[in-house]
Amino acid sequence: MITRRLLLAAPIPALLPAGAQAASGTFAAFLDGLRADARKAGIAPATFDRAFAGVVPNQKVLERDRHQPEFTMTWARYRALVIGEQRIVNGREAVARERTLLRRVEERFGVGPGVVAGIWGLESSFGTQTGDFRVIEALATLAWDGRRAAFFRGELMAALKILDHGDIAPGKMTGSYAGAMGQPQFMPSSYLRYAVDFEGHGKRDIWNSRADVLGSIANYLAKSGWRSGEGWGQQVTLPPGFDFSASGRDAMRPLGDWARQNVRPLGGAWRAGSDMPAAIIAPDGAGGEAFVVHANFKAIRRYNPSDFYALAVGLIGDRIIV
Numbered sequence: 137m138i139t140r141r142l143l144l145a146a147p148i149p150a151l152l153p154a155g156a157q158a159a160s161g162t163f164a165a166f167l168d169g170l171r172a173d174a175r176k177a178g179i180a181p182a183t184f185d186r187a188f189a190g191v192v193p194n195q196k197v198l199e200r201d202r203h204q205p206e207f208t209m210t211w212a213r214y215r216a217l218v219i220g221e222q223r224i225v226n227g228r229e230a231v232a233r234e235r236t237l238l239r240r241v242e243e244r245f246g247v248g249p250g251v252v253a254g255i256w257g258l259e260s261s262f263g264t265q266t267g268d269f270r271v272i273e274a275l276a277t278l279a280w281d282g283r284r285a286a287f288f289r290g291e292l293m294a295a296l297k298i299l300d301h302g303d304i305a306p307g308k309m310t311g312s313y314a315g316a317m318g319q320p321q322f323m324p325s326s327y328l329r330y331a332v333d334f335e336g337h338g339k340r341d342i343w344n345s346r347a348d349v350l351g352s353i354a355n356y357l358a359k360s361g362w363r364s365g366e367g368w369g370q371q372v373t374l375p376p377g378f379d380f381s382a383s384g385r386d387a388m389r390p391l392g393d394w395a396r397q398n399v400r401p402l403g404g405a406w407r408a409g410s411d412m413p414a415a416i417i418a419p420d421g422a423g424g425e426a427f428v429v430h431a432n433f434k435a436i437r438r439y440n441p442s443d444f445y446a447l448a449v450g451l452i453g454d455r456i457i458v
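Going by the working numbering, the sequence shown opens with residue 137, and the numbers climb by one from there.
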């Protein structure tokens with residue numbers, strides 16, 4: 137690993153954002169202002185010093201932030217990419233190892249193992265891919281760089297609060313280039329709101345504690361409106377000439393109404409009663425796959441506001457809980 141030093145002298149030119157003034161003290165001035173804000177927020181100076189020891193703007197973070205690919209993904213392509221057979225195999229093995237824990241999580245939060253495991257699988261491949269960026273360094277880079285600076289500065293302050301509480305050491309607080317942390321890939325502000333100490337050991341460890349990881353995911357969903365005992369939805373077939381103007385996640389009506397229009401569950405029976413509010417979504421439009429979704433679908437979207445993501449969570453969960 138490259139040894140890093142605190143950037144209190146001249147910034148490295150290659151790390152400067154486009155158009156920034158290549159003057160001595162640019163990042164140091166940012167840290168000075170941040171230090172003052174942290175002190176006002178009650179964060180101990182020693183915590184701040186430990187957090188920023190060796191921190192410099194990270195070129196890889198800037199490159200990833202500036203060169204995010206822009207493309208249009210169809211649902212069919214997305215499904216093929218994220219719901220592969222190996223993910224299902226890995227998920228079944230992970231669930232088998234944690235079956236007792238998942239049962240305890242459901243008893244406490246009212247969230248079933250399928251959706252919890254689906255999110256766990258999508259976010260970090262069941263804990264095997266959590267990201268190796270130092271969260272403080274990544275967030276400091278993005279807060280200083282200027283693009284969405286206010287957002288990342290807020291997340292950086294939240295991360296400092298986590299460190300000040302003692303839940304994790306700075307060097308072990310790792311995640312994605314954008315600061316999403318641990319196995320659930322929580323942003324620091326989400327961690328403060330939703331992470332739980334399920335094991336009762338005095339720390340909320342979403343990096344190493346499976347109990348805290350799965351409990352925190354379930355707590356997030358429970359506080360996002362998850363309805364215990366209800367499912368997210370299921371795949372359906374639509375009748376010829378279906379009126380797609382009546383579809384969309386917000387166009388809820390009793391499931392029985394859809395059934396009377398010859399909407400049929402694919403490969404099985406309805407998983408919900410005829411009075412359950414349901415909407416039809418067809419991500420790729422006519423000719424593509426279609427689904428009925430219930431209120432719990434919206435709870436999943438609170439975790440990630442994408443229909444593709446929420447569908448994948450539900451489908452992965454359905455396949456690995458056997």
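Positions of the beta carbon are idealized from the N, C-alpha and C atoms, including for glycine.
All values derive from a computational prediction rather than experimental measurement.
Report yes if the CB atom of residue i is closer than 7 Å to the CB atom of residue j, and no otherwise.
i	j	result
Ser352	Val332	yes
Leu357	Val271	no
Ile224	Arg438	no
Val429	Ala354	no
Glu259	Pro320	yes
Ile417	Arg385	yes
Phe433	Trp362	no
Arg340	Asp303	yes
Asp420	Ala212	yes
Ala408	Asp300	no
Gly250	Ile457	yes
Ala446	Leu374	no
Measure how close the beta-carbons of residue i and residue j come, nearest whole angstrom, since I'm counting them as under 8 Å.
i	j	result
Leu350	Trp256	7 Å
Ala294	Pro324	4 Å
Leu296	Ala174	6 Å
Trp280	Phe163	6 Å
Val231	Ala448	Actually they do not touch by this definition, with Cβ atoms about 16 Å apart.
Val372	Arg400	6 Å
May I ask you to list the residues that DSSP assigns as paired with residue i?
i	result
Arg400	Thr373
Phe322	Met317
Ile272	DSSP lists no partner for Ile272.
Val429	Gly369, Ala415
Arg389	Ala414
Gly254	DSSP lists no partner for Gly254.
Thr310	Arg270
Of the residues the options, which one's Cα is nearest the Cα of residue i?
i	options	result
Ile452	Arg228, Pro181, Asp201, Gly421	Arg228
Ala422	Leu292, Ala446, Thr210	Thr210
Asp201	Arg283, Ala408, Ser326	Arg283
Gly450	Val399, Glu366, Ala382	Glu366
Asn398	Ala387, Pro376, Ser381, Phe166	Pro376
Tyr327	Ile298, Ala305, Gly307	Ile298
Gly307	Val191, Leu170, Ala165, Ala182	Val191
Phe262	Gly318, Tyr330, Phe288, Pro193	Gly318
Phe166	Val241, Val372, Phe288	Phe288
Ala387	Ala435, Leu237, Ala305, Ala431	Ala431
(message) I want to know whether the stretch 406-419 touches the stretch 344-351 - three or more CB-CB distances under 8 Å.
(response) They do not touch, by the three-pair rule.
(message) For the stretch 393-410 against the stretch 325-339, do three or more pairs of beta-carbon atoms, one drawn from each stretch, fall closer than 8 Å, so that the two count as touching?
(response) Short answer: they don't touch.
(message) Could you check whether the stretch 273-289 touches the stretch 303-320, counting it as contact only if at least three pairs of C-beta atoms, one from each stretch, sit closer than 8 Å?
(response) The stretch 273-289 is in contact with the stretch 303-320.
(message) Quick check: the stretch 432-449 against the stretch 387-396, are at least 3 beta-carbon pairs closer than 8 Å?
(response) With the cut-off at 8 Å, the stretch 387-396 and the stretch 432-449 do not touch.
(message) Under 8 Å, with one C-beta from each stretch per pair, do the stretch 216-232 and the stretch 182-194 reach the 3-pair mark?
(response) The stretch 216-232 is not in contact with the stretch 182-194.
(request) Kindly confirm or deny that the stretch 299-312 and the stretch 263-270 touch, where touching means at least three C-beta pairs closer than 8 Å. (result) Yes, they touch.
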